[in-house]
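Residues 31 to 154 in our numbering are what the sequence shown spells out, letter by letter.
Take a look at the structure below.
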Amino acid sequence: MTENHEELPIRVGICMGSDSDLPVMREAAEVLAEFGVGHELRVLSAHRTPEAMFDYARAARDRGLVALIAGAGGAAHLPGMLAAITPLPVIGVPIPSKHLQGLDSLLSIVQMPASVPVATMAIG
């Protein structure tokens with residue numbers, strides 16, 4: 031899934047590990063739209079589509095993006111993997127899960143090594 035919004039230059043990439051994360055991640059898109067920030071939504075799984083995720087992260091800065099917002103549930107590797115590849119700031123959004131209510135996602139994102147910084151938001 032790929033969605034581009036507005037006729038504005040795309041400055042922020044909103045990525046999620048699965049289309050089931052869309053209800054949470056669409057809220058980020060709504061806030062960016064309110065502030066007139068061009069953005070796009072992408073489903074990029076660190077586990078199911080790693081090559082697409084690598085390509086996206088490598089090209090993000092050259093495409094004019096200035097930041098990535100990455101949401102993932104469960105193991106939640108997407109934010110950290112993007113941060114390991116791109117020089118852009120990455121904001122990680124833990125997506126609530128059925129079994130641990132997003133605590134697993136939060137801990138996966140917040141415990142990145144110092145050399146791979148991810149700004150971590152609250153669950154959901």
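Idealized CB from N, CA, C, for every residue including glycine.
Item: Residues near Ala-113 by beta carbon distance below 6 Å, same chain, minus five either side; Value: Val-120, Val-146, Val-148
Item: Same chain, Cβ closer than 6 Å to Met-55, five either side skipped, listed in chain order; Value: Ile-44, Met-46, Gly-101
Item: Same chain, Cβ closer than 6 Å to Gly-103, neighbours up to 5 away in sequence not counted; Value: Ile-125, Ser-127, Ser-135
Item: Whether Leu-74 touches Ala-82 by CB criterion (8 Å); Value: yes
Item: Member of Leu-137, Ala-144, Gly-122, Gln-141 whose CA lies at the smallest distance from the CA of Asp-51; Value: Gly-122
Item: Whole runs of the beta strand (DSSP E) within the region 31-95, excluding any shorter than 3 residues; Value: 32-35, 40-46, 68-73
Item: Same chain only: Cβ atoms within 8 Å of Ile-40, ignoring 5 sequence neighbours per side; Value: Asn-34, Gly-68, His-69, Glu-70, Arg-93, Gly-94, Leu-95
Item: Bounding residues of the beta strand (DSSP E) (the contiguous stretch that carries Gly-122); Value: 120-124
Item: Beta-carbon proximity of Ala-76 to Leu-98, cut-off 8 Å; Value: no
Item: Ile-99: first and last residue of the uninterrupted beta strand (DSSP E) it sits in; Value: 97-102
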